[in-house]
Amino acid sequence: MAQMRVAAASVPNDLESFWLPFTPNRGFKRAPRLIVRAKDMHYYTAGSGGPVLDGTAGLWCTNAGHNRDPIVAAIARRAEELDYSPAFQFAHPAAFELASRLAALAPGDLNRVFFCNSGSEAVDTALKIALAYHYVRGEGTRTRLIGRERGYHGVGFGGISVGGIVNNRKFFGSLLAGVDHLPATYSREHQAFTKGEPEWGAHLADELERLVTLHDASSIAAVIVEPMAGSTGVLPPPQGYLPRLRAICDQHGILLIFDEVITGFGRLGYAFAAERYGVVPDLIAFAKGVTSGAVPMGGVIASDRIYETFMRGPEHIIELFHGYTYSAHPLACAAGLATLDLYRDEKLFARAKALEPRFAEAAMTLKGLPNVLDIRTVGLAVGIDLASRAGAFGLRAYEAMERAFRDEALMIRIAGDTIALSPPLIVSEAQIGEMFEKVARVIKAVA
Ligand SMILES: Cc1ncc(COP(=O)(O)O)c(C=O)c1O
Numbered sequence: 053m054a055q056m057r058v059a060a061a062s063v064p065n066d067l068e069s070f071w072l073p074f075t076p077n078r079g080f081k082r083a084p085r086l087i088v089r090a091k092d093m094h095y096y097t098a099g100s101g102g103p104v105l106d107g108t109a110g111l112w113c114t115n116a117g118h119n120r121d122p123i124v125a126a127i128a129r130r131a132e133e134l135d136y137s138p139a140f141q142f143a144h145p146a147a148f149e150l151a152s153r154l155a156a157l158a159p160g161d162l163n164r165v166f167f168c169n170s171g172s173e174a175v176d177t178a179l180k181i182a183l184a185y186h187y188v189r190g191e192g193t194r195t196r197l198i199g200r201e202r203g204y205h206g207v208g209f210g211g212i213s214v215g216g217i218v219n220n221r222k223f224f225g226s227l228l229a230g231v232d233h234l235p236a237t238y239s240r241e242h243q244a245f246t247k248g249e250p251e252w253g254a255h256l257a258d259e260l261e262r263l264v265t266l267h268d269a270s271s272i273a274a275v276i277v278e279p280m281a282g283s284t285g286v287l288p289p290p291q292g293y294l295p296r297l298r299a300i301c302d303q304h305g306i307l308l309i310f311d312e313v314i315t316g317f318g319r320l321g322y323a324f325a326a327e328r329y330g331v332v333p334d335l336i337a338f339a340k341g342v343t344s345g346a347v348p349m350g351g352v353i354a355s356d357r358i359y360e361t362f363m364r365g366p367e368h369i370i371e372l373f374h375g376y377t378y379s380a381h382p383l384a385c386a387a388g389l390a391t392l393d394l395y396r397d398e399k400l401f402a403r404a405k406a407l408e409p410r411f412a413e414a415a416m417t418l419k420g421l422p423n424v425l426d427i428r429t430v431g432l433a434v435g436i437d438l439a440s441r442a443g444a445f446g447l448r449a450y451e452a453m454e455r456a457f458r459d460e461a462l463m464i465r466i467a468g469d470t471i472a473l474s475p476p477l478i479v480s481e482a483q484i485g486e487m488f489e490k491v492a493r494v495i496k497a498v499a
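Residues in the sequence shown are numbered consecutively from 53, following the working numbering.
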């Protein structure tokens, strides 16, 4: 008989069992980067490791900074009161309160909030709501979903299908059927070293007209884009691009979904990028910053029109067959409410907006350093493209990430050979200077 295996204190706490996500596991396990504590703008490593400056707000999520006392206290209080209650057929009051607060932050008639637990779930939820919306209003032929090249929409099958990153797609079979893609909005030739939204590129929205001509509007349910593509290297939208996309969608009865998982909650100086760009989508997918990363949470904010479309039929019948065990989890709602209070009380979205010029100016000081091909800034985010090492795409940025952590006590994010920085919105001007000085030394070190 096989010996029963019991998890006990005698099990070695080695590095083997944990399969790290989106990480080269062998390299990591040879030289792990272990974080044990965090506060405000800094992480602390094991042993006597000093503060590591967080240049990336975790994974674009700790917008209010780390371990903020009011958020920690709210989570602790809620854990004592209510660990869990189901969101199917039952609810707890904080879920309604958080939904109302989010609706108040969202533009236009985006007033209905569906909760889930991550950005990936938020995207798949938004896509499903879009498909079901057309179905219930009797246009069930609208099943096609349009994404964009270089888009990142998480790792669910919906998200990778509409996403435009080859490595996130090529291993995973046939994905969703009936998906097409707009071209990416980036052109180094026309946009290099732009602060904010580039002048060139609005015409790329017209590619949607081409797809409508190809597939016919009657087959298209929705278009999903990140207002600013974050994960593939900070690609701000060209001036006028998003309004043009909105107009084409309106003309053809296509829903417009903004994936604001990164751009929501102040990254671009507003509650949502929709506000910065003066465009109201039909659905917003959000996550990350809603709890400042402290408890997993995501969601979708839908227009009144979409919600009302579902509110028909017998009243004892579920209107949308979708949801998660942990939708509107009590700890996430508590964290969300405390986080929104912090954003409001410390005016963190306005702070990001006010810091944007200083941040952009500091970022552009890297221009001219070895291998720097482009720098793009928008809000409190920057993408810095480095020239690849011969025959080893991604290696130079990987080395930069390693060196930043070990030699400069700075956490940066990398995508291919692009460095991305997106600090918590509480970053000081001095810390912005410090961050770019550290990055400059790193870029020279990996030359
Ligand atoms: C725009 C966008 N959508 C979706 C996601 C997926 O979020 P999660 O990792 O929480 O599933 C991300 C994550 O970075 C993102 O940037």
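All residues carry an ideal CB built from backbone N, CA and C; glycine is no exception.
Beta-carbon separation (whole angstroms), Ile471 vs Ala452, contact threshold 8 Å: Indexing the sequence shown from 1 puts residue 471 at position 419. Indexing the sequence shown from 1 puts residue 452 at position 400. The Cβ separation is near 6 Å, so the contact holds.
Same chain, Cβ closer than 7 Å to Val494, five either side skipped, listed in chain order: Taking the sequence shown and counting its residues from 1, one reaches residue 494 at position 442. These residues qualify, in order along the chain: Ala452, Arg455, Ala456, Glu460.
Cβ contact check for the region 283-298 and the region 250-265: 3 or more pairs under 8 Å: yes
Selection from Leu307, Ala254, Cys301 that minimises the alpha carbon distance to Asp334: Here residue 334 refers to the residue found at position 282 when the sequence shown is read from its first residue. Answer by Cα proximity: Leu307.
Of the residues Met280, Ile370, Ala386, the one placed nearest Arg202, counting alpha carbons only: Counting from 1 along the sequence shown, the entry for residue 202 is found at position 150. Considering only alpha carbons, the answer is Met280.
Whole runs of the alpha helix (DSSP H) within the region 78-124, excluding any shorter than 4 residues: 109-112
Entirely enclosed beta strand (DSSP E) segments - the region 388-461, minimum 3 residues: 424-430, 433-438
Proximity test, Cβ basis, 8 Å: Ala339 and chain C: The question asks about chain C, but that chain is absent: this structure has only one protein chain.
Reduced DSSP category for Met463 - H, G, I as helix; E, B as strand; rest coil: As a first step, residue 463 is located in the sequence shown; it is residue number 411 there, counting from the start. Three-state result, Met463: strand.
Asp232: CB within 7 Å of a non-hydrogen atom of ligand 1: Taking the sequence shown and counting its residues from 1, one reaches residue 232 at position 180. Asp232 Cβ: outside cutoff for every heavy atom of ligand 1.
Three-state class that DSSP yields for Asp176 in the structure shown: Position 124 of the sequence shown, counted from the start, is the residue given in the question as residue 176. Helix at Asp176.
Straight-line Cα distance separating Ser226 from Gly206: Residue mapping note: residue 206 aligns to position 154 of the sequence shown, counting from 1. Residue mapping note: residue 226 aligns to position 174 of the sequence shown, counting from 1. For Gly206 and Ser226, the distance between alpha carbons rounds to 17 Å.
Contacts around Leu392, its chain only, beta-carbon distance under 6 Å, and the 5 residues preceding and following it disregarded: Taking the first residue of the sequence shown as position 1, residue 392 is located at position 340. Arg153.
Given 8 Å, three or more beta-carbon pairs between the region 258-271 and the region 211-226: no
Distance cut-off 7 Å: Val313 Cβ against heavy atoms of ligand 1: In the sequence shown, the residue the question calls residue 313 occupies position 261. Yes; taking the cut-off as 7 Å, the Cβ of Val313 has a heavy atom of ligand 1 nearer than that.
Ala502 Cβ short of 7 Å to ligand 1 heavy atom set: Residue 502 is absent from the model: the chain starts at 53 and stops at 499.
Cβ pair count under 8 Å reaching 3, the region 108-118 against the region 394-409: yes
Gln55 versus Ser172: straight-line alpha-carbon distance, rounded: As a first step, residue 55 is located in the sequence shown; it is residue number 3 there, counting from the start. As a first step, residue 172 is located in the sequence shown; it is residue number 120 there, counting from the start. In this prediction, Gln55 scores a pLDDT of 49, lower than 50, which makes its location untrustworthy; the coordinate-derived value is nonetheless stated afterwards. Spanning the two alpha carbons is a distance of roughly 39 Å.
Three-state class that DSSP yields for Lys222 in the structure shown: Numbered from 1 along the sequence shown, position 170 holds the residue referred to as residue 222. If DSSP states are grouped into helix, strand and coil, Lys222 belongs with coil.
Spatially closest choice to Ile309 from Val332, Leu320, Gln303, by CA coordinates: Counting from one through the sequence shown, the residue named residue 309 turns up at place 257. Minimum Cα distance to Ile309 is reached at Val332.
Boundaries of the beta strand (DSSP E) in which Thr470 is found, first to last residue: Your numbering for residue 470 matches position 418 in the sequence shown. Looking at the DSSP string, the run of the beta strand (DSSP E) that includes Thr470 is 470-473.
Local conformation of Val63 per DSSP, three classes: On the sequence shown, position 11 is the one that residue 63 refers to. Correct three-state label for Val63: coil.
Beta-carbon gap between Leu447 and Glu408 smaller than 8 Å: Position 395 of the sequence shown holds residue 447. Position 356 of the sequence shown holds residue 408. Going by C-beta atoms, Leu447 is not nearer than 8 Å to Glu408.
Reduced DSSP category for His233 - H, G, I as helix; E, B as strand; rest coil: The count along the sequence shown starts at 1 and reaches residue 233 at position 181. Reduced to three states, the DSSP call for His233 is strand.
Bounding residues of the beta strand (DSSP E) (the contiguous stretch that carries Ser25): The question about residue 25 has no answer, for the chain in this structure spans 53 to 499.
Where Phe442 falls, given that 16 or more other Cβ within 10 Å makes a residue buried: Looking up residue 442 in the sequence shown gives position 390. As written in the sequence, residue 442 is Ala, which differs from the Phe given in the question. Exposed, by the Cβ-count rule.
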